[in-house]
Amino acid sequence: MTANLNAVARFQVSVPEAAAAVAGRDTAHHVVDPDGLLGLDPLAATPLATALGAIAASEPEMWVLALPVPGALGPLRGPAELNGAALAVGEAVLAGSGGLALVPHVVGRGVQWRVHRAARPSAPLSSYEAERALSEAVLSAAETLARLDVAGGTWPADAGAELAPGYSPRQRLAADRAARLLAACDHALGNDGSAVSSFEAEVRARELRRLRTAAGDALCAAASWMVR
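For the sequence shown, my numbering gives the first residue as -3, with consecutive numbering after it.
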């Protein structure tokens, strides 16, 4: 959603093209606007193809991706209702100048995007800063996990990310790499790998959480900053 809204703002894609790209193979995407922030019917779920024009018009400059986890809210700056909703699903799309945010909720094979009031988000790391931090985190994690021989796990299939038209080749590669590392960390954190003690398991989990945070920051930076 973030990348497609940024592509619309820079006239790289049309609103219908962006709506189709966001929906992908899902059954349906709808927007729920209970507070009427977008002027949509507050009592109904509006199809994304109908609502996306109003969403795009509400922020003509920049949309920011947030992938919050407990203790690391990223660009989120409140209010508490938004922070709680975003933490519950691990994702939010924020208007760069503030005012509103979109939080996705999976409903069957479809998605409902709930509109929230939002404070102006803090600026995400630059693409360069985020890529450098991720590379350092990868090296640190690889060294620690190899030394303890506790990596374990398998690489999830089809876990990459594809940005909308208008993004540079470097950003596309950065987003794909970050998304794959993010998925790999989530998968690996579901078990203790080859750890044979609670100490090894804790060290492994700590390194993976650190790497996951860096991967999330890199994905947010790649999607939020459209550098051509």
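Ideal placement from N, C-alpha and C gives every residue a C-beta, glycine not left out.
Residue range of the unbroken alpha helix (DSSP H) whose run includes residue i
i           : result
residue 80  : 76 to 85
residue 198 : 194 to 220
residue 117 : Premise fails: residue 117 is in no alpha helix (DSSP H) and is neither H nor E.
residue 73  : That residue, residue 73, is in no alpha helix (DSSP H); it is neither H nor E in DSSP.
residue 165 : 165 to 184
In DSSP terms, what residue i is bridged to
i           : result
residue 28  : 41 and 110
residue 20  : Residue 20 is not bridged to any residue.
residue 12  : Its beta-bridge partners do not exist; DSSP assigns none.
residue 103 : 106
residue 134 : DSSP, once it has assigned bridges, lists no residue as partnering residue 134.
residue 89  : 61 and 98
Which of helix, strand or coil DSSP assigns to residue i
i           : result
residue 94  : coil
residue 68  : strand
residue 2   : helix
residue 126 : helix
residue 141 : helix
residue 156 : coil
residue 121 : coil
residue 49  : helix
Residue span of the beta strand (DSSP E) that contains residue i, given as start and end
i          : result
residue 62 : 59 to 62
Distance cut-off 8 Å: residue i Cβ against heavy atoms of the ligand FMN
i           : result
residue 143 : Among the ligands in the structure shown, none appear at all, so the ligand FMN cannot be discussed.
Distance CB(residue i)-CB(residue j) smaller than 9 Å
i           : j           : result
residue 212 : residue 70  : yes
residue 157 : residue 175 : yes
residue 64  : residue 94  : no
residue 3   : residue 162 : yes
residue 120 : residue 178 : no
residue 118 : residue 167 : no
residue 171 : residue 138 : no
residue 201 : residue 9   : no
residue 72  : residue 34  : no
residue 136 : residue 196 : no
residue 30  : residue 143 : no
residue -2  : residue 164 : no
residue 12  : residue 53  : no
Within-9 Å CB hit, residue i to chain D
i          : result
residue 68 : No chain D appears in this structure, which consists of one protein chain only.
Is the region 41 to 58 in contact with the region 69 to 82, if contact means three or more CB pairs nearer than 8 Å?
Cβ pair count under 8 Å is below three, so no.
Answer yes if the region 91 to 106 comes into contact with the region 24 to 40, meaning at least three C-beta pairs across the two stretches below 8 Å, and no otherwise.
Judged by Cβ distances under 8 Å, the region 24 to 40 makes contact with the region 91 to 106, as three or more pairs qualify.
Is the region 44 to 53 in contact with the region 61 to 68, if contact means three or more CB pairs nearer than 8 Å?
The region 44 to 53 vs the region 61 to 68: no contact.
Touch check for the region 195 to 214 and the region 127 to 134: three-plus C-beta pairs under 8 Å?
Segments in contact, yes.
Check whether the region 105 to 120 touches the region 82 to 92, taking contact to mean three or more Cβ pairs, one atom from each stretch, closer than 8 Å.
Segments in contact, yes.
With three or more C-beta pairs closer than 8 Å as the rule, is the region 32 to 40 touching the region 12 to 22?
No contact exists between the region 12 to 22 and the region 32 to 40.
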